[in-house]
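Protein chains in written order, with our numbering: chain S, 3 to 116; chain C, 105 to 215.
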């Protein structure tokens, strides 16, 4: 079974530039999560999708971050414009049906904002 | 609000030592509890889980018991190996699927 795919694996941009991350969840998984993991901290949930609808985006900085999950499969997370404090690893995870089930994580995208 | 408090690291042990990593949580309702592990250079992966009170999750010699009365889910292993060196994250999901993670505990096992 293929795992959660993410790209790119690494990205370096200057502040005020824009960047986009892509995630392909495990086939058949209805729920998709985007997390931000700052060095030395645990993952912080940014947004959760159930199929192509948003379940929770309460911690997404909506003035600069946006995410979509068209057709309920792949998802894209965008930052525009980026700030220095956005430097982090962005993790995508999926689960079969949300709820209390386990999540499967992708390898993450390490973003450095200079 | 929801939160997870993990024992601060880093933790350094000798091979075959006993391991405990403490984890307590604050959540509404009856969450499912998880330990995830991140080996060097790899992504997060599930280590074990427990979905209701008094359940014991176990995998690869690690164990954790869901203690509702103390809102805890401490991770234990009787004899650690060098290959157990990793970062360990305690986490929970509410029934609505909202996830909360601890900040992780780095374990280093020396031969």
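Backbone N, C-alpha and C fix where the C-beta goes; we use that ideal spot for every residue, glycine too.
Item                                                                                                                                                                                : Value
Please list, in chain order, all residues of the same chain as residue 133 of chain C whose beta carbon is under 7 Å from its beta carbon, the five residues on each side excluded. : 198, 199
Tell me the DSSP bridge mates of residue 138 of chain C?                                                                                                                            : C:153, C:195
Chain S partners of residue 197 of chain C, CB-CB under 9 Å?                                                                                                                        : 97, 100, 101, 102, 103, 104, 105
In angstroms, rounded to a whole number, what distance separates the CA positions of residue 77 of chain S and residue 48 of chain S?                                               : 13 Å
When you compare the CB of residue 188 of chain C with every CB in chain S, is at least one pair closer than 8 Å?                                                                   : no
Taking the beta strand (DSSP E) that residue 19 of chain S falls in, what are its first and last residues?                                                                          : Counting along the chain, residue 19 of chain S falls outside any beta strand (DSSP E), and DSSP gives it neither H nor E.
In chain order, which continuous runs of the beta strand (DSSP E) of length 3 or greater are located wholly inside the segment 64-108 of chain S?                                   : 67-70, 77-81, 90-97
So is residue 214 of chain C in contact with chain S if we call contact Cβ pairs under 8 Å?                                                                                         : no
Contact between the segment 98-116 of chain S and the segment 61-68 of chain S: three or more CB pairs below 8 Å?                                                                   : no
When burial is assigned at 16 or more other CB atoms within 10 Å of the CB, is residue 34 of chain S buried or exposed?                                                             : buried
Using 8 Å as the threshold, is the C-beta distance between residue 85 of chain C and residue 193 of chain C below it?                                                               : Nothing about residue 85 of chain C can be reported from this structure: the residues present for chain C run from 105 to 215 only.
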